[in-house]
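Q:
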Amino acid sequence: MRVEQLGEGEPDLAIVGSIHGDEPCGARAVERLLLEAPDVSRPVKLVVANEEALERNVRYVEEDLNRAFPGAPDADTHEGRLAHELLAELRGCTVLSMHSTQSYDRPFALSTDTDALARAVVPHLGVDALVQTGEFAEGRLIDFIDVVEVECGYQGSDEAAENAYRLCREFLGAVGALGEASPERTDIPVFRLERQLPKPVGATEYETYAENFERVAEGDRYARADDEEFVAERPFYPILLSAYGYENVFGYAGSLVGRLDDHAEADPEPTPER
Ligand SMILES: [Zn+2]
């Protein structure tokens with residue numbers, strides 16, 4: 053794990069890249085920030101998480117780091133120990149964690165809920181959607197600390213690295229660490245992961261037919277494993293859907309919850325009088 057810093061003092065902000073070793077966009081964004089060394093008004097910790105997996109260009113060495121939290125110092129696996137070390141580095145920090153996918157070329161954000169952090173930060177990020185992970189947060193970093201996760205684009209693409217860098221700048225702007233915050237967008241759609249879309253293991257060829265974040269109607273086919281076709285039993289929104297992104301699932305069936313501004317209205321804090 054590589055841990056660096058921008059600015060002076062004890063950081064309560066952190067940016068994390070490459071929790072997954074086959075997602076170099078985050079590491080590239082961190083390296084670019086270190087090279088530029090922008091004049092931040094709040095110190096920021098910069099972390100490249102799974103360097104061993106990154107060197108081998110594999111998702112993980114022994115187990116998926118983003119299912120291994122909280123981990124332990126004497127865990128059996130590299131990622132189990134790394135999870136513990138990474139959590140120790142990030143505790144007390146507001147965190148942006150960068151990922152990339154095989155399912156979608158444009159950025160979107162993930163959080164456990166539309167919590168205060170998501171409401172404060174996500175409207176300032178150039179993302180297509182916010183996805184609530186619901187019950188699927190288990191073992192992920194997102195379940196343990198204040199973190200906004202972003203999917204930056206296709207794994208290994210230059211575009212994902214460029215998006216990752218831009219999202220870092222937007223995050224730092226949103227939290228008042230660098231420059232002006234980007235204009236607020238509250239029309240960002242909010243989806244929620246409802247269930248996994250199981251995928252049979254061992255087929256020769258997989259294919260998906262549906263577009264992520266676009267509604268699949270009841271009776272529509274959305275995927276194929278060799279000759280076996282998968283048809284929606286009820287309508288859903290595909291999220292993280294891809295032919296080869298995951299071993300056991302095509303991705304997730306989600307629901308459209310609303311827009312970010314709907315949640316702003318549900319804020320329990322009193323609105324100031326006009
Ligand atoms: Zn990832």
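Just so you know, the sequence shown maps onto residues 53 to 326 in this note's numbering.
Note that the Cβ used here is the ideal one computed from N, Cα and C, for glycine as well.
Is Tyr296 buried or exposed, if buried means 16 or more other CB atoms sit within 10 Å of its CB?
A: As a position in the sequence shown, residue 296 is number 244, starting the count at 1. Result: exposed.
Q: Using the C-alpha atoms, what's the distance from Asp313 back to Asp195?
A: Residue 195 sits at position 143 when you count from the first residue of the sequence shown. Residue 313 sits at position 261 when you count from the first residue of the sequence shown. Taking the straight line joining both Cα atoms gives about 24 Å.
Q: Does the distance from the CB of Thr185 to the CB of Thr164 come in under 8 Å?
A: If you number the sequence shown from 1, residue 185 lands on position 133. If you number the sequence shown from 1, residue 164 lands on position 112. Cβ distance < 8 Å, so Thr185 and Thr164 count as in contact.
Q: Return helix, strand or coil for Gln57, following the three-state DSSP convention.
A: If you number the sequence shown from 1, residue 57 lands on position 5. Reduced to three states, the DSSP call for Gln57 is strand.
Q: How would you label Thr256, buried or exposed, when you count the other beta carbons within 10 angstroms and need 16 or more for buried?
A: Your numbering for residue 256 matches position 204 in the sequence shown. By the 10 Å Cβ count, Thr256 comes out exposed.
Q: Let me have the residue list for ligand 1: C-beta closer than 7 Å to any non-hydrogen atom, ordered along the chain.
A: Any residue whose Cβ sits closer than 7 Å to a heavy atom of ligand 1 makes the list: Ile71, His72, Glu75, Asn118, His151 and Ser152.
Q: Excluding the 5 residues flanking Ala305 on each side, which residues of the same chain have their C-beta closer than 6 Å to its C-beta?
A: The residue you call residue 305 lines up with position 253 of the sequence shown. Answer for Ala305: Glu246, Arg247, Leu249 and Phe288, listed in chain order.
Q: Tell me the residue span of the beta strand (DSSP E) that contains Val283.
A: Position 231 of the sequence shown holds residue 283. Start and end: Glu280 to Val283.
Q: Beta-carbon within less than 6 Å of Ala216's beta-carbon, same chain only, minus the 5 sequence neighbours each way: which residues are those?
A: On the sequence shown, residue 216 is found 164 positions in, with the first residue counted as 1. The answer, listed in chain order, is Cys77, Gly78, Ala81, Met150 and Cys204.
Q: The alpha helix (DSSP H) that contains Leu177, what's its start and end?
A: Reading the sequence shown from its first residue, position 125 is the one you call residue 177. Looking at the DSSP string, Leu177 is not in any alpha helix (DSSP H), and its letter there is neither H nor E.
Q: Tell me the DSSP bridge mates of Tyr156?
A: Taking the first residue of the sequence shown as 1, we reach residue 156 at position 104. Answer by DSSP bridge pairing: none, since Tyr156 is not bridged.
Q: Considering Cα atoms alone, identify which of Ala135, Asp198 and Met53 is closest to Ala170.
A: Along the sequence shown, one-based indexing puts residue 170 at 118. When each option's Cα is compared against that of Ala170, the closest is Asp198.
Q: Hey, could you find the ends of the beta strand (DSSP E) Leu106 is sitting in?
A: Working through the sequence shown from its first residue, we reach residue 106 at position 54. Segment Glu103 to Arg108 is the alpha helix (DSSP H) holding Leu106; no beta strand (DSSP E) there.
Q: Cα separation between Arg54 and Arg158?
A: For the purposes of this step, residue 54 is identified with residue 2 of the sequence shown, where counting begins at 1. For the purposes of this step, residue 158 is identified with residue 106 of the sequence shown, where counting begins at 1. So the two alpha carbons sit approximately 27 Å from each other.
Q: Tell whether a beta-carbon distance below 8 Å holds between Gly271 and Val253.
A: Mapped onto the sequence shown, residue 271 falls at position 219. Mapped onto the sequence shown, residue 253 falls at position 201. Cβ distance not < 8 Å, so Gly271 and Val253 don't count as in contact.
Q: Less than 8 Å between the beta carbons of Val68 and Val99, yes or no?
A: Within the sequence shown, the letter at position 16 stands for residue 68. Within the sequence shown, the letter at position 47 stands for residue 99. Yes, they are a contact pair.
Q: Have a look at Gly303 and Glu266 and give me their C-alpha separation to the nearest angstrom.
A: If you number the sequence shown from 1, residue 303 lands on position 251. If you number the sequence shown from 1, residue 266 lands on position 214. One C-alpha to the other measures close to 14 Å.
Q: Phe288 by DSSP, collapsed to three states: which one?
A: Stepping through the sequence shown from its first residue, residue 288 is reached at position 236. Strand.
Q: Under 6 Å Cβ to Cβ from Leu58, same chain only, skipping five residues before and after it: list those, please.
A: Here residue 58 corresponds to residue number 6 of the sequence shown, with the count starting at 1. Excluding positions up to five away in sequence, the list reads Val92 and Val96.
Q: Could you tell me the alpha carbon to alpha carbon distance between Arg135 and Ile291, rounded to whole angstroms?
A: The residue given as residue 135 occupies position 83 in the sequence shown. The residue given as residue 291 occupies position 239 in the sequence shown. According to the sequence shown, residue 135 is Ala rather than Arg. Near 26 Å, if we compare the C-alpha coordinates of Ile291 and Ala135.
Q: When burial is assigned at 16 or more other CB atoms within 10 Å of the CB, is Ala168 buried or exposed?
A: If you number the sequence shown from 1, residue 168 lands on position 116. Exposed.
Q: Would you mind reading off the limits of the alpha helix (DSSP H) that contains Val82?
A: In the sequence shown, the residue the question calls residue 82 occupies position 30. Segment Cys77 to Glu88, the alpha helix (DSSP H) holding Val82.
Q: Within 8 Å (strictly less), CB to CB, does Ala216 reach chain D?
A: The chain inventory of the structure shown lacks chain D, comprising one protein chain alone.
Q: Whole angstroms is fine: what's the gap from Glu263's alpha carbon to Asp74's?
A: Along the sequence shown, read from residue 1 onward, the residue named residue 263 stands at position 211. Along the sequence shown, read from residue 1 onward, the residue named residue 74 stands at position 22. Taking the straight line from one Cα to the other gives about 23 Å.
Q: Just how far apart, CA to CA, sit Val242 and Glu232?
A: Taking the sequence shown and counting its residues from 1, the one referred to as residue 242 is at position 190. Taking the sequence shown and counting its residues from 1, the one referred to as residue 232 is at position 180. So the alpha carbons of these two residues sit roughly 25 Å apart.
Q: How big is the Cα-Cα spacing for Phe160 and Arg311?
A: Walking along the sequence shown from the start, residue 160 turns up at place 108. Walking along the sequence shown from the start, residue 311 turns up at place 259. Cα-Cα distance, rounded: 14 Å.
Q: Kindly identify the DSSP beta-bridge partner or partners of Arg273.
A: The count along the sequence shown starts at 1 and reaches residue 273 at position 221. Val283.
Q: Using only alpha-carbon positions, find the residue among Gly61, Glu131, Leu193 and Arg94 that is nearest to Leu230.
A: As a working mapping, residue 230 is identified with position 178 in the sequence shown. If we check each option's Cα against that of Leu230, Arg94 comes out closest.
Q: For Ala226, which residues in the same chain have their Cβ closer than 6 Å to its Cβ, ignoring the five residues on either side in sequence?
A: Translated into positions along the sequence shown, residue 226 becomes position 174. Once the five neighbours on either side are set aside, the close Cβ partners of Ala226 are Val173, His176 and Ala233.
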